[in-house]
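Contents: one structure, followed by commentary.
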Amino acid sequence: MASAEAGRDFIRDIVKADLDAGRVEQVVTRFPPEPNGYLHIGHAKSICLNFGIAEEFGGQCHLRFDDTNPTKEEQEYIDAIEADVRWLGFDWGQHLYHASDYFERLYNWAEDLIRSGKAYVDDQSQDEIRHNRGTLTEPGKNSPFRERSVEENLDLFRRMRAGEFPNGARVLRAKIDMASGNINLRDPVLYRILDAEHPRTGTTWKIYPSYDFAHGQSDAIEGITHSICTLEFEDHRPLYDWCLENLNVPSRPHQYEFARLNLTYTVLSKRVLTRLVQDGHVTGWDDPRMPTLAGLRRRGVPPAALRDFVKRIGVAKANSTVDAGMFEFSVREALNKTSLRRMAVLRPLKVIIENYPEGEGEELEAINHPDDAAAGLRKIKFTRELFIEQEDFMEHPEKKFFRMSPGREVRLRYAYFITCKEVKKNAAGEVIELRCSYDPATKGGNAPDGRKVKATIHWVSAAHSLPAEVRIYNPLFSKPDPSGGEGFANDLNPNSLEVLSGARLEPALAEAQVGVPVQFERQGYFCRDRESTPERPVFIRTIGLRDTFAKDVAKEKAKG
RNA sequence: UGGGGGAUCGUCCAACGGUAGGACUCCAGACUCUGACUCUGGCUAUCUAGGUUCGAAUCCUAGUCCCCCAGCCA
Numbered sequence: 243m244a245s246a247e248a249g250r251d252f253i254r255d256i257v258k259a260d261l262d263a264g265r266v267e268q269v270v271t272r273f274p275p276e277p278n279g280y281l282h283i284g285h286a287k288s289i290c291l292n293f294g295i296a297e298e299f300g301g302q303c304h305l306r307f308d309d310t311n312p313t314k315e316e317q318e319y320i321d322a323i324e325a326d327v328r329w330l331g332f333d334w335g336q337h338l339y340h341a342s343d344y345f346e347r348l349y350n351w352a353e354d355l356i357r358s359g360k361a362y363v364d365d366q367s368q369d370e371i372r373h374n375r376g377t378l379t380e381p382g383k384n385s386p387f388r389e390r391s392v393e394e395n396l397d398l399f400r401r402m403r404a405g406e407f408p409n410g411a412r413v414l415r416a417k418i419d420m421a422s423g424n425i426n427l428r429d430p431v432l433y434r435i436l437d438a439e440h441p442r443t444g445t446t447w448k449i450y451p452s453y454d455f456a457h458g459q460s461d462a463i464e465g466i467t468h469s470i471c472t473l474e475f476e477d478h479r480p481l482y483d484w485c486l487e488n489l490n491v492p493s494r495p496h497q498y499e500f501a502r503l504n505l506t507y508t509v510l511s512k513r514v515l516t517r518l519v520q521d522g523h524v525t526g527w528d529d530p531r532m533p534t535l536a537g538l539r540r541r542g543v544p545p546a547a548l549r550d551f552v553k554r555i556g557v558a559k560a561n562s563t564v565d566a567g568m569f570e571f572s573v574r575e576a577l578n579k580t581s582l583r584r585m586a587v588l589r590p591l592k593v594i595i596e597n598y599p600e601g602e603g604e605e606l607e608a609i610n611h612p613d614d615a616a617a618g619l620r621k622i623k624f625t626r627e628l629f630i631e632q633e634d635f636m637e638h639p640e641k642k643f644f645r646m647s648p649g650r651e652v653r654l655r656y657a658y659f660i661t662c663k664e665v666k667k668n669a670a671g672e673v674i675e676l677r678c679s680y681d682p683a684t685k686g687g688n689a690p691d692g693r694k695v696k697a698t699i700h701w702v703s704a705a706h707s708l709p710a711e712v713r714i715y716n717p718l719f720s721k722p723d724p725s726g727g728e729g730f731a732n733d734l735n736p737n738s739l740e741v742l743s744g745a746r747l748e749p750a751l752a753e754a755q756v757g758v759p760v761q762f763e764r765q766g767y768f769c770r771d772r773e774s775t776p777e778r779p780v781f782i783r784t785i786g787l788r789d790t791f792a793k794d795v796a797k798e799k800a801k802g
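Here the first sequence stands for residues 243 to 802, where the numbers follow my numbering.
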């Protein structure tokens, strides 16, 4: 039954039309990762597309590992991929498959092709095959082994399977057309000899099917109706179709292609991501700077933000690069709704309230979420000695700066109005302490005489706050369009990680759970990291709040 | 000089012969115990040249530019 709403993109249009016309009775899609790395935000687009379509149109979506190359694939990746897809919010139910589940059937289909004279064993070396393939503008040459008898091909192919030949000695090729303008049709390799241990089939197999020979048939076995992949497979489609048309397959799937995701300041090449990890540019696949789902999760990005982002960017066939700001918007929007508010001072500046009694303190009430009364209130401790943010004070304020400065009155959030009376400096001339006075009548943050202040700043009690480490992340790459090739290392941002070791947190943050986002008021969204110790919490900044003041300052500076 | 795709605001996506619309960004303002959120208002686009048509982003013709393909990777 087709969803009532019209498709939101060309693929959904096709699905809907197929359903409406009765060409398929239930849509079946699949997400087919190769377990040779971790999933990233680009995969999220594909996952949301495939699982989303299945959901919307009442169909099903399979998770299928495309594990046809044991030299690159590992169990660690298989496990991580399953966890990441679940985390994103999708469920494949009973439909977990592996291309390797189909090795026997694929093998038999290969023999079928040989028997019908449409495949042959080629003894040429890899170099010879490459050489004889021709070029983009010149046709290839037929292999001298192209006209072997069915019997000889069958015998050789069986002996390939039996492990009688070394890696690379022979391959099975489709007999199509060495002069085709589409290079994929110049007798593509269907099977190669690979003496490697497969994470699932172990050493059972000595030969492995190529992607082109495995994918379409796997789709057909599973009854996939719409096989959705990225643009670079567009000119593989004739081969996809050729296999299905020349084999006795149980169903007839069709392939559709969409443009993969590109993001500014980001590289989504699996090869580069692998290098970042292996070469130690990041601490691992889940380094919070990585665009991997594991990295984003550790960073504190909620899965709902990913899903929202994917919905916003749409699906089309034109290559494009999405502004990372669009992703940030989705992250902030999701976080704003759900994050509890807390106060934390990242770069502390000591404040002493001179007219507040020494050794005393009081509890004040603070709101946990401004848009959600059900989130309730909490108590915060106010004392004579406090910390405020260094950047909330300027000895010589510039024109539009209206936070704390000498002689100026500001509000401490949920507490009192205070006025800066004196500035203490160290020998180097750095401000190290502010002496202030408070107005007891402004308790809770409002002046009974109705006077206003231009700024409200956050603070913590010096004695009650918790020391912590806070990690601020900046883009991993310094260029909007970093190299996805060998030059990637030159485009890395040397300041992608900033560690603030002297931060101070309000006591309620002691209960923060790893990975659960909170808003540090006026600063951004943060979450406790798994590297925290009982003595020393570590918080990670998921993303900063929008900061129009900082932006204006930067603009002024740019103007000169 | 082969084959396969693609060109619409700064960015991403719509419009399926009938007023080029939305989102992000940006700009101006309102609100504010977060310079956040929210809310108002605004700027900016059909690759080019012809043609068909009452009417073209959409159809036709000829160009231009961009992307992918020469793995026994996927």
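C-beta atoms are modelled at their ideal positions from N, C-alpha and C, and glycine is treated no differently.
(message) Going by DSSP, what residue range makes up the alpha helix (DSSP H) through residue 545?
(response) The continuous alpha helix (DSSP H) containing residue 545 extends over residues 545–555.
(message) Given this structure, state the Cα-to-Cα distance separating residue 730 from residue 738, to the nearest angstrom.
(response) If you take the alpha carbons of residue 730 and residue 738, they lie about 15 Å apart.
(message) Suppose you measure from the CA of residue 652 to the CA of residue 695; what does that come to, to the nearest Å?
(response) Their backbone Cα atoms lie some 5 Å apart in a straight line.
(message) Measuring CB atoms only, is the stretch 583–594 touching the stretch 622–641, in the sense that at least three cross pairs come out at less than 8 Å?
(response) Cβ pair count under 8 Å is three or more, so yes.
(request) Would you kindly check if the distance between the Cβ of residue 664 and the Cβ of residue 677 is under 7 Å? (result) A contact, by the Cβ cut-off of 7 Å.
(request) Could you check the C-alpha separation between residue 619 and residue 752 for me, to the nearest Å? (result) Separation of residue 619 and residue 752 (C-alpha to C-alpha, rounded to the nearest whole angstrom) is 16 Å.
(request) May I have the straight-line CA-CA distance separating residue 243 from residue 258, to the nearest angstrom? (result) Confidence at residue 243 is low in this model, with a pLDDT of 34, below 50, so the placement of that residue is unreliable and no value is reported for it.
(request) Identify, in the order they occur along the chain, each residue of the same chain with its Cβ nearer than 7 Å to the Cβ of residue 447, setting aside the five sequence neighbours on each side. (result) Contacts found: 345 and 440.
(request) Identify the continuous alpha helix (DSSP H) that holds residue 520 and give its terminal residues. (result) Boundaries of the alpha helix (DSSP H) around residue 520: 512–520.
(request) Over the uninterrupted alpha helix (DSSP H) stretch that includes residue 458, give me the two end residues. (result) Here the alpha helix (DSSP H) through residue 458 covers 453–464.
(message) Less than 6 Å between C-beta atoms, sequence neighbours within five positions excluded: which residues of the same chain meet that for residue 360?
(response) Correct list, in chain order: 417 and 488.
(request) Report the rounded CA-to-CA distance for residue 580 versus residue 688, giving the unit in angstroms. (result) Whole-angstrom Cα-Cα distance: 27 Å.
(message) Could you pull the DSSP bridge partners for residue 534 from this structure?
(response) DSSP lists 282 as partners of residue 534.
(request) Leaving out five residues on either side along the sequence, give the residues of the same chain with a beta carbon under 8 Å from the beta carbon of residue 408. (result) So the list reads 435 and 437, once near-sequence residues are dropped.
(message) Once DSSP output is grouped into helix, strand and coil, what is the label at residue 392?
(response) Reduced to three states, the DSSP call for residue 392 is helix.
(request) State the DSSP-derived secondary structure class of residue 482, mapped to helix, strand or coil. (result) In the three-state DSSP reduction, residue 482 falls in the helix class (H, G or I).
(message) What ranges does the beta strand (DSSP E) occupy inside the stretch 723–787, keeping only unbroken runs of at least 3 residues that lie completely in it?
(response) For the stretch 723–787, the continuous beta strand (DSSP E) assignments of 3+ residues that do not extend past its boundaries occur at 739–747, 760–762, 766–770 and 780–786, in sequence order.
(message) What does DSSP give as the partner residue(s) for residue 471 in the beta ladder?
(response) Bridge pairing for residue 471: 499 [DSSP].
(message) Going by beta-carbon coordinates alone, are residue 527 and residue 630 separated by less than 7 Å?
(response) Not in contact: residue 527 and residue 630 (Cβ atoms no closer than 7 Å).
(request) Check whether the Cβ atoms of residue 519 and residue 543 sit closer than 7 Å, and answer yes or no. (result) For residue 519 and residue 543, no; Cβs fall outside 7 Å.
(request) Please report the Cβ distance between residue 271 and residue 425, rounded to the nearest whole angstrom; I am assuming they are in contact, meaning their Cβ atoms lie under 8 Å. (result) Contact doesn't hold; Cβ gap of about 28 Å is too wide.
(request) Check each candidate in 776, 740 and 286 and name the one with the smallest Cα separation from residue 755. (result) Comparing alpha-carbon positions, the option among 776, 740 and 286 lying closest to residue 755 turns out to be 776.
(message) As a quick exercise: from 779, 575 and 398, pick the residue whose alpha carbon is nearest that of residue 771.
(response) Comparing Cα-Cα distances from residue 771 to each of 779, 575 and 398, the minimum goes to 779.
(request) Since I believe residue 535 is in contact with residue 287 (beta carbons under 8 Å), could you give me their beta-carbon distance rounded to a whole number of angstroms? (result) About 12 Å separates the CB atoms of residue 287 and residue 535; that is not less than 8 Å, and the two are not in contact.
(request) Indicate the three-state DSSP secondary structure (helix, strand or coil) for residue 243 in the structure shown. (result) Caution applies to residue 243, whose pLDDT of 34 falls short of 50 and renders its modelled position unreliable; the model cannot decide the point.
(message) Just to confirm my understanding: we take residue 301, look at its own chain, exclude 5 residues before and 5 after, and list those with CB closer than 6 Å. What are they?
(response) The residues are 268, 269 and 270.
(request) Less than 8 Å between the CB atoms is what I'm expecting for residue 624 and residue 559, so what's the real figure, rounded? (result) Contact check for residue 624 and residue 559: beta-carbon distance about 60 Å, past the 8 Å limit, so the pair fails to qualify.
(request) Sort out for me which residues DSSP pairs residue 711 with in a bridge. (result) Residue 711 is bridged to 780.
(message) With a threshold of 7 Å on Cβ separation, who are the neighbours of residue 481 within its own chain once the five nearest residues in sequence on each side are excluded?
(response) So the list reads 426, 427, 430 and 454, once near-sequence residues are dropped.
(request) Give every residue of the same chain whose Cβ lies closer than 8 Å to the Cβ of residue 452, excluding the five residues on either side of it in the sequence, and list them in chain order. (result) Closer than 8 Å at Cβ, skipping near neighbours: 310, 430, 431, 432, 433 and 434.
(request) Indicate whether residue 586 and residue 762 have their beta-carbon atoms separated by less than 7 Å. (result) Yes, they are a contact pair.
(request) Give the secondary structure of residue 679 by DSSP, where H, G and I count as helix, E and B as strand, and everything else as coil. (result) Note: residue 679 maps to strand in three-state DSSP.
(message) Between which two residues does the alpha helix (DSSP H) holding residue 373 run?
(response) Here the alpha helix (DSSP H) through residue 373 covers 368–374.
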